[in-house]
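Data block below; observations after.
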Amino acid sequence: PAEEHDNEWMLSGLGVPDMRGRIGSPSYYTSDPALALRDNQFSVEIVHLKARRGRIETSVVGPLNQPFYDYVIEDAARGLGGEARSRARAETEKRLQERGVPRRLDVPMLIEADDESATIAIAGVRQTLKPGEWSQWFVVPITVNPVVDRLAELKGIIRFKLLSLSPDLKLYASPLNFHPECQPVPFTHPLSYARELVGEFGLFKTLGWPIDTWSLPSGLTDEKHFLEDMDATVEKQEAMMKHFLEAAHDRLYVQVFDFTDRVGHMLWRLHDPGHPLYDARLASLYAGEIPKAYERMDRIVGEAEKRIGPGTVLLVCSDHGFASFRRGINYNTWLVKNGYMALRQGTSTGGKTLEDLFDKGELGEFFRYVDWSRTKAYAMGLGNIYINLMGREPQGSVVPGREYEEVRTAIVQRLEALIDPETGEKPVRRVYRREEIYAGYDPRLIPDLRAANSEHYRIGWQTALGEVPPQVFEDNLKTWSGDHCSNDPDLVPGVLFSSVRLARSNPGIADIHPTVLALLGVTPVGGIDGRSLVP
1113 PAEEHDNEWM LSGLGVPDMR GRIGSPSYYT SDPALALRDN QFSVEIVHLK
1163 ARRGRIETSV VGPLNQPFYD YVIEDAARGL GGEARSRARA ETEKRLQERG
1213 VPRRLDVPML IEADDESATI AIAGVRQTLK PGEWSQWFVV PITVNPVVDR
1263 LAELKGIIRF KLLSLSPDLK LYASPLNFHP ECQPVPFTHP LSYARELVGE
1313 FGLFKTLGWP IDTWSLPSGL TDEKHFLEDM DATVEKQEAM MKHFLEAAHD
1363 RLYVQVFDFT DRVGHMLWRL HDPGHPLYDA RLASLYAGEI PKAYERMDRI
1413 VGEAEKRIGP GTVLLVCSDH GFASFRRGIN YNTWLVKNGY MALRQGTSTG
1463 GKTLEDLFDK GELGEFFRYV DWSRTKAYAM GLGNIYINLM GREPQGSVVP
1513 GREYEEVRTA IVQRLEALID PETGEKPVRR VYRREEIYAG YDPRLIPDLR
1563 AANSEHYRIG WQTALGEVPP QVFEDNLKTW SGDHCSNDPD LVPGVLFSSV
1613 RLARSNPGIA DIHPTVLALL GVTPVGGIDG RSLVP
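Numbering (our numbering), first residue to last: 1113 to 1647.
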């Protein structure tokens, strides 16, 4: 939520979900009954239409009715186990269905299509689109129940793009954003700030990950669609920056632009001829979009410079660079093959998606296949390796002290010496012990080791989710083709530009906080990381 401070205005960014509680879940309406998704990490929703022409009744995919459906079921099963728990859940769900309580709060939508265009109608508002056109924002009222509806209006915003009419009707719907004035959990401070923003800029995306990086990997849209969505998003963000720098006289203004990151993730495969998904034809069309994005960011910096007053300090920083993600390395698979992790007989590791991390019902399924009594280490997250330490892990097997250090040292040495047999390269540039990274940390939470990848390598998709794929190494055949998250930081440094001379060389991201405080004349509290970069 937006933090509450006096004399401060805030619009939250990364972390604000869509109305389904996700980082972003677009929908795709189609009359093609055979359509299938290519990659669906974040649950892109396919809605099959019964016809391709005429009057077609369908619905906006709404939020889950968790307080009055899922939570009721969980409450009925609380304290029960085994068959009794399953029976209580099933009986409660049956009663809810008999009473007409929906699990998902969909909203009626009408599509009227002919050979030239399609008209979309939601809550009495109609917009007509031709193929390739985007709609304006629709306001989507959500009905929960009479009591809730009287207490607080729940509404979202959504926009569409008509992808095609022939041979099948194909319609893209953005994630259902919270309406700026609908904040069950505040994402502006004060709440009235949202109304001011809408009054000045019109409706805008409230989703914290505002650029759609899900539809392109799913095979439902193309690079042109991705770039159009990115352009519209940045245009609104830039308009906000220009307005506030011209109108405000605040002591501090902070804004995040993330489009250079998103275009790198999606299009690096067309920038790198060595990537397994490199396509020369597509590269001729879109490889230049990455440098174009940075040129646009340069122009945005120039617009900021024009609008700040004399004596105002301008800092431009990023927390990482980028690298090609050609190959993935699966640390859990390596741990199994090298005797540090054991699996139970007759178990299958299956596969996870990032969506599973958002489903509380799935959390207990992670590592369900591991024999912890014979496991010394496991991996999860972006290069994190945890020792199965007695006294910390529920089924720890490694004794603290000498054995702990022996296991850590062995893993460090063997991973740093590892060779990818297909490329002859070393995928792991360095393995950091946690005390080499953190000045202070909670030993119960911080991973014992952090494996940092060499150029062209990244943590494998399934290892990041705790799974054990068959092979240690794999080609990255996903559209998400550029990355930074598990590379050695020395390979993907961020940038820092300052309008005033800095007092130190070799700055780090942790230095930005104390630097800003020093520029404002504020004494930092003790114990913070980093040092001021100005005298």
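Using N, Cα and C, we set each Cβ at its ideal position, and we do this for glycine too.
Asked	Found
Buried or exposed: residue 1472, going by 16 or more other Cβ atoms within 10 Å of its Cβ?	Residue placement at residue 1472 is flagged as unreliable, the pLDDT there being 48, under the threshold of 50; the coordinate-derived value follows with that caveat. Exposed, because fewer than 16 other Cβ atoms sit within 10 Å of the Cβ of residue 1472.
So what does DSSP say about residue 1246, is it helix, strand or coil?	strand
Could you work out which residue in 1519, 1320, 1375 is closest to residue 1113 when comparing CA atoms only?	1320
Quick check: what's the CA-CA separation for residue 1475 versus residue 1403?	Note that residue 1475 scores 43 on pLDDT, short of 50, meaning its location in the model is unreliable and no value can be drawn from it.
What residues match up with residue 1650 in a beta bridge as DSSP calls it?	Limits of the chain in this structure are 1113 at one end and 1647 at the other, which puts residue 1650 out of reach.
Which word fits residue 1448, buried or exposed, when buried means at least 16 other C-beta atoms lie within 10 angstroms of its C-beta?	buried
Looking only at C-alpha atoms, which of 1585, 1489, 1556, 1578 sits nearest to residue 1533?	1585
With burial defined as no fewer than 16 other Cβ atoms inside 10 Å of the residue's Cβ, what is the status of residue 1613: buried or exposed?	exposed
Can at least three beta-carbon pairs, one atom from the stretch 1292-1303 and one from the stretch 1333-1345, be found at a separation below 8 Å?	no
What do you get for residue 1488, buried or exposed, if any count of 16 or more other CB atoms within 10 angstroms of its CB means buried?	buried
Under the rule that 16 or more other beta-carbon atoms within 10 Å means buried, what is residue 1155, buried or exposed?	buried
CB residue 1129 to CB residue 1324, shorter than 8 Å?	no
To the nearest angstrom, how far is the alpha carbon of residue 1354 from that of residue 1416?	7 Å
Are residue 1292 and residue 1318 close, meaning C-beta to C-beta below 8 Å?	yes
Are residue 1565 and residue 1633 touching if we call contact CB-CB under 8 Å?	no
Round the Cβ separation of residue 1216 and residue 1176 to the nearest angstrom and send it over; I've been treating them as touching at under 8 Å.	6 Å
Give the straight-line distance between the Cα atoms of residue 1453 and residue 1598, rounded to the nearest whole angstrom.	21 Å
Check whether the Cβ atoms of residue 1491 and residue 1443 lie closer than 8 Å to each other.	yes
With DSSP collapsed to three states, give me the class of residue 1353.	helix
Return the first residue and the last residue of the alpha helix (DSSP H) that residue 1587 is part of.	Unbroken run through residue 1587 is the beta strand (DSSP E), 1585-1587; no alpha helix (DSSP H).
Can you tell me whether residue 1330 is buried or exposed? The criterion is at least 16 other CB atoms within 10 Å of its CB, across all chains shown.	buried
Could you tell me the distance, in whole angstroms, from the CA atom of residue 1195 to the CA atom of residue 1261?	37 Å
Give every residue of the same chain whose Cβ lies closer than 7 Å to the Cβ of residue 1384, excluding the five residues on either side of it in the sequence, and list them in chain order.	1390, 1436
Under the rule that 16 or more other beta-carbon atoms within 10 Å means buried, what is residue 1438, buried or exposed?	buried
Could you name the residues that DSSP lists as bridge partners for residue 1290?	1268
Under 8 Å, do residue 1594 and residue 1440 count as touching if we go by C-beta distance?	no
Which residues in the same chain have their Cβ closer than 6 Å to the Cβ of residue 1124, if we skip the five residues on either side of it in sequence?	1114, 1299
Would you list, in sequence order, the uninterrupted alpha helix (DSSP H) runs of no fewer than 4 residues that lie entirely inside the stretch 1422-1452?	1443-1449
Just reading off the beta strand (DSSP E) that residue 1541 is part of, what are its end residues?	1540-1545
With a cut-off of 8 Å, do at least 3 Cβ pairs link the stretch 1268-1287 to the stretch 1306-1314?	no
For the stretch 1201-1210 against the stretch 1185-1193, do three or more pairs of beta-carbon atoms, one drawn from each stretch, fall closer than 8 Å, so that the two count as touching?	yes
Note the first and the last residue of the continuous alpha helix (DSSP H) segment covering residue 1522.	1514-1528
Starting from residue 1162, follow the beta strand (DSSP E) in both directions and report where the run begins and ends.	No beta strand (DSSP E) holds residue 1162; DSSP gives it neither H nor E.
Does residue 1591 pass the burial test, meaning 16 or more other C-beta atoms within 10 Å, or should it be called exposed?	buried
Since residue 1412 and residue 1350 should fall inside the 8 Å C-beta cutoff, what is the C-beta to C-beta distance between them, to a whole number of angstroms?	6 Å
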